[in-house]
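Structure first, then comments.
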Amino acid sequence: MTMNESSYIEYLDPTGVIADAKLVVRTLGDLKGRRLAFVNNGWRSFTKIGARMEETLRQEYGLESMQTYPVPTAGPPAPEMFDRIFQDCDAAVVGLAN
Amino acid sequence: MSGLASKRFRVHGDVRAVFDDMYKRGLTDGLPVIPPTAEAVQEMLDHAGLEAGQPIAEVPPKCAVATAEKVAINAVMAGCLPEYFPVVVAALKAVVQPGFNLLSIQTTTNPASPVLVVNGPIRARLDINCGRGCMGPGWRANATIGRALHLVLLNIGDCPPGDVDKAIHGMPGKFTFCFGELEEESPWDPLHVEMGYQREQSTVTAFAGQGTQNLYATLQQAENIIHMLADGMRCYGNNDFFRATGSPLVVITPGHAKVFASQGWDKPRIKAALFERTQIPRAYIPETQPSGPVYADYPPERMCQIARRPEDIRIVVAGGPEAYHITYIPSFGTNDACTAEIIPAQGT
């Protein structure tokens, strides 16, 4: 019983917790001399963000190159595209819908 | 109750103080909640025969594990009876299927929300409203099962409205949206049989709905009803037309179903007619949409479609008996209707 003479109620936290915080991708440490994949699903705002991002990452973080990989606006990209990214790039930035 | 692992908050005062406390912590949908005490949560778990720590799903965007305990906490908050809990669990299993695309639905600017359709014998046992007013207020099962799922998505998925949930306007269905199919008044196979289940099984099917559109179809000729319905559905502003990735839902009354059946129309014929008559020529749609070049590769004469195939238009029979109104529920697009079986609670 959670109510007693002093009239309090004890309730359980409904929020979720991530049981095992695990790293799902390797980290780079820094971007100097790195090649970045920009996976763009065609949303115009994301195209603008990409242009600004490349400029900043090149000037301030020494990024060597950023290659844009267009993917369908509504649907998965071809698996071969991922193979090319794995082969040609050190990291990727992925756009998510709107 | 020793198996319950959730953090506990102690609030001095009555249930109003608990609601105030939970509201301030961002744990509610804004409506009052039942305090999820350990006793109430344990009762929910016991009824379903689930262990507290049993994982049910990962809920995006946080991708936290929704254990049975966490789902039960949210179900208590929503006002569910313990008997409803297996339906809530099944609803969660439906929306986390990859085809449902829950991450996008949780975080989009669109007014997208899971719409739950319950099928099978459990509808009668739980008094799930399938008839008049089934999408509206007045039935505890409809109201609280849908609400429980939304609280799970809010609290376990960590998706507060206005913050992570970017919906521009939102929609009332984000509080709750759950009803049953009136299978007994339908001349056709019910939805869950179409989805590959047996009629004797109980299921929840989740649609990613974007509101409801009423069509005042007091017509007695099937051809005329199809004409009006297709006119209402043919709207390229609906995401269903987002490169034919929709899974639209049409809810017709038993009265309309009888009209169709008596004039030789079955579900496949209705779907085929709607699929054909809702198509829109590419040239009719502005070439530059703010969301991007959705149809840039379509020649002007190509037809844009509401779904990939006629079968992806779902028809459910529900509501009052009169052949007056049809409800069309356009979908978020880029999502499938997904079904999960309801595993009956012990002893039911």
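Going down the list, the sequences are from chains A and B. Be aware that the first sequence starts at 1, since it is given in the numbering used here, and climbs by one per residue. Be aware that the second sequence starts at 1, since it is given in the numbering used here, and climbs by one per residue. Beta carbons: idealized from backbone N, C-alpha and C, even for Gly. Just so you know, these numbers come straight off a predicted model, no measurement behind them.
Looking at the strands, I want to know which residues DSSP matches up with residue i.
i: Y8(A); result: H12(B)
i: M303(B); result: P281(B)
i: R314(B); result: L249(B)
i: G319(B); result: G131(B)
i: T339(B); result: T205(B)
i: A92(A); result: A37(A)
i: P55(B); result: T67(B)
Using CA atoms only, rank isn't needed, just tell me which of the options is closest to residue i.
i: R243(B); options: A143(B), V294(B), R269(B) and I34(B); result: V294(B)
i: Y197(B); options: T339(B), R309(B), E322(B) and K166(B); result: T339(B)
i: A283(B); options: A78(B), R269(B) and P299(B); result: P299(B)
i: P321(B); options: G133(B), N238(B) and P286(B); result: G133(B)
i: M135(B); options: F260(B), V251(B), D297(B) and A272(B); result: V251(B)
i: S247(B); options: I343(B), V95(B), P310(B) and L103(B); result: P310(B)
i: A217(B); options: E181(B), A40(B), T107(B) and A230(B); result: A230(B)
i: A5(B); options: Q42(B), T109(B) and L103(B); result: Q42(B)
i: P330(B); options: I343(B), G319(B), I306(B) and A323(B); result: I306(B)
i: I156(B); options: P190(B), A167(B) and Q106(B); result: Q106(B)
i: L249(B); options: P281(B), S202(B), F179(B) and P121(B); result: F179(B)
i: E34(B); options: R52(A), I9(A) and L36(A); result: For the sequence presented, residue 34(B) should be read as Ile rather than Glu. Nearest option by C-alpha distance: I9(A).
i: L31(A); options: G95(A), F86(A), L57(A) and V71(A); result: L57(A)
i: K267(B); options: G173(B), F332(B) and P190(B); result: P190(B)
i: A272(B); options: I285(B), V95(B) and I315(B); result: I315(B)
i: T15(A); options: R8(B), A143(B) and A222(B); result: R8(B)
i: V17(A); options: V259(B), D29(B), R269(B) and E58(B); result: E58(B)
i: G33(A); options: G42(A), T27(A), G62(A) and E55(A); result: G62(A)
i: V96(B); options: N110(B), V65(B), N239(B) and I122(B); result: V65(B)
Considering only residues of the same chain and omitting the five flanking positions on each side of residue i, which have a CB-CB separation below 8 Å?
i: A257(B); result: E185, S186, P187, W188 and V317
i: D127(B); result: W139, R140 and A141
i: L103(B); result: P60 and P61
i: M44(B); result: A72, A75, V76, C80, P82 and F85
i: L278(B); result: According to the sequence as given, residue 278(B) is Thr; it is not Leu. For T278(B), where only same-chain residues beyond five positions count, the Cβ hits under 8 Å are A230, M233, R234, Q305 and I306.
i: T47(A); result: N40
With DSSP collapsed to three states, give me the class of residue i.
i: S45(A); result: helix
i: Q213(B); result: strand
i: G347(B); result: For G347(B), the predicted structure reports a pLDDT of 49, less than 50, and the residue's modelled location is therefore unreliable. The matter cannot be settled from this model.
i: M1(A); result: Annotation note: pLDDT 46 at M1(A) (below 50); position unreliable, no value reported.
i: V65(B); result: strand
i: P86(B); result: helix
i: L287(B); result: Note on identity: in this sequence residue 287(B) is Glu, with Leu being the wrong assignment. E287(B): coil per DSSP, three-state reduction.
i: T144(B); result: helix
i: D259(B); result: Here residue 259(B) is Val; the residue named in the question, Asp, does not match the sequence. Three-state result, V259(B): helix.
i: Y328(B); result: strand
i: I18(A); result: coil
i: N101(B); result: coil
i: N224(B); result: helix
i: T37(B); result: coil
i: P254(B); result: helix
i: A75(B); result: helix
i: A244(B); result: coil
i: V96(B); result: coil
i: Y23(B); result: helix
i: T107(B); result: helix
i: G3(B); result: coil
i: L50(B); result: coil
i: V18(B); result: helix
i: D13(A); result: coil
Excluding five sequence neighbours on each side, which residues of the same chain lie with their C-beta closer than 7 Å to the C-beta of residue i?
i: G347(B); result: For G347(B), the predicted model reports a pLDDT of 49, less than 50, meaning its position is unreliable and no value from the coordinates is stated.
i: V88(B); result: V71, A75, C80, I145, A148 and L149
i: L219(B); result: I225 and M228
i: N214(B); result: H325 and T327
i: R192(B); result: Note on identity: in this sequence residue 192(B) is His, with Arg being the wrong assignment. Answer for H192(B): N119, G120, Q201, T203, T205 and T339, listed in chain order.
i: A68(B); result: L45, L50, E51, A52, Q54 and I56
i: I49(A); result: none
With a CB to CB cut of under 6 Å and the five nearest residues on each side skipped, what residues in its chain are close to residue i?
i: G237(B); result: none
i: G99(B); result: D336 and C338
i: V93(A); result: F38
i: M1(A); result: Legend: pLDDT at M1(A) = 46, less than 50; position of this residue unreliable, no value from coordinates given.
i: T334(B); result: N101 and T245
i: A261(B); result: P187
i: L274(B); result: A230 and I313
i: L12(A); result: none
i: T212(B); result: T327 and I329
i: H12(B); result: none
Practice problem: Run through the region 27-86 of chain A for me and flag every whole alpha helix (DSSP H) of 4 or more residues, listed as ranges in chain order. | Solution: Correct list: 44-61.
Self-check item: Any alpha helix (DSSP H) of 4 or more consecutive residues that is wholly inside the region 110-139 of chain B
Solution: Counting only unbroken stretches of 4 or more residues, the alpha helix (DSSP H) elements lying wholly within the region 110-139 of chain B are 122-125, in sequence order.
Exercise. Enumerate, from N- to C-terminal direction, the unbroken beta strand (DSSP E) stretches of 3 or more residues contained entirely within the region 150-212 of chain B.
Key: Scanning the region 150-212 of chain B for uninterrupted beta strand (DSSP E) segments of 3 residues or longer gives 178-180 and 203-209, listed from N- to C-terminal end.
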